[in-house]
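Structure record follows, encoded as structure tokens.
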Amino acid sequence: MENSQVIYVNTLAEGALLGNPEEIADKQLPAVAKAWKKSAAVAHYRLFGTESVSLRGERKKFLIGDIGSAKIILPMEEEYSGVAAADNPERLLNYWISAVIDDFDLEDEANPVLVLNRKKALERLREINARRVVEGGQVYGVIQAEIRGGYIMNVAGYQALMPRSFYDWDTNLVGHIGEGFNVQVVSIGNNGPLVSRRDLLPNPFHAVGDRIQRGARLRARITHVYNGLFKAEIRPGVRISISTPRMYRLLHVGDEVMVEVKGKNRREFYGVVI
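Numbering-wise (numbering that gives the first Met the number 0), the sequence shown opens with residue 0 and increments by one.
Structure representation (structure tokens):
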């Protein structure tokens, strides 16, 4: 069972449990709280519930956790939690979160409190990693939720999508919430990065791509849409970008279509639906 009282300090992605777990002793707490607040140090914490807490004379509901030497609380307002008003902040109880220390109350030595700010931590992660989150870039990501056909991940502070088929070449293998690993950024759209774990693994289907020539007619499965073009796979990892000048039916992610290969650039084939 994981120890939710430890803290991980790194700027890779929200919930990245890499590096030595830190345990803050009672005697260290005042110095650490002051230093981390001043430097906006990003750390990863595990929250476990909600509680009505009185802080500086005001009582309201917070997400809470415990690091042994102090109670940690995260206000539910968007400016602290980073969760939109229409969403439920309690979903943050499902995984480790990133946060900076926004404030603290150490006056009651028997019940010291650290006030966290997740929104500022995510902004800090994106600022630090912005140059790496580009098409073809390699970054670290953590699975935060499973959705139909894929996973929601935090990648370097950004919310990203990874289709289930992009987890591994072996489609029988699946990811789980909290799992972290390096990914490659496949594309970046309006909804954030699309990433792949398997693209950093040896591709057993690589030789298939070497045998495909211009003019070949093949069946491909649509994986996503990017900049108005359908992206599909002929075999796992053998990609083709499809234009649809003579398309008479609507296409959707997951559909299989016949395509004619018109050529190949450094990253993928390109062609048309036939």
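Don't be surprised by glycine CBs; every beta carbon is placed ideally from N, CA and C.
Tell whether a beta-carbon distance below 8 Å holds between V138 and V185.
Taking 8 Å as the cut-off, the Cβ atoms of V138 and V185 do not count as close.
Spell out the partners DSSP gives Y44 in its beta bridges.
I96
Check for me: the alpha helix (DSSP H) holding S38 runs from which residue to which?
L28 to S38
DSSP puts R218 in a beta bridge; with which residues?
M257
Considering Y139, what are the terminal residues of the beta strand (DSSP E) in which it resides?
Q137 to I146
Name the one or two DSSP bridge partners that H223 has.
K230
Reducing DSSP to helix, strand and coil, say where V252 ends up.
coil
Candidates N110, R130, D107 and N93: which alpha carbon is nearest I151's?
N93
Indicate whether L124 and S97 have their beta-carbon atoms separated by less than 8 Å.
yes
Does the beta carbon of D101 fall short of 7 Å from some heavy atom of the ligand FMN?
For the structure depicted, the ligand FMN is absent and the ligand set is empty, with no information on it obtainable.
So, with DSSP's three-state summary, where would you put S51?
strand
For V224, which of G214, V272 and S240 has the nearest alpha-carbon?
Minimum Cα distance to V224 is reached at S240.
Please name the residue in H43, R265, L217 and Y269 whose C-alpha comes closest to that of N153.
Among H43, R265, L217 and Y269, the Cα nearest to that of N153 belongs to H43.
Can you say whether S53 is buried or exposed, counting buried as having 16 or more other CB atoms within 10 angstroms of its CB?
exposed
Using DSSP with H/G/I as helix, E/B as strand and the rest coil, what is I239?
In this structure, I239 counts as strand in the three-state DSSP scheme.
Using the Cα positions of V258 and Q212, report the straight-line distance between them to the nearest angstrom.
13 Å
Which term fits P203, buried or exposed, when burial requires 16 or more other beta carbons within 10 angstroms of its beta carbon?
exposed
If you check the beta carbons only, do L62 and P88 fall under 8 Å apart?
yes
Could you check where the alpha helix (DSSP H) with L11 kicks off and where it finishes?
Run containing L11: none; DSSP gives neither H nor E here.
Looking at the structure shown, is D167 part of a helix, part of a strand, or coil, going by DSSP?
coil
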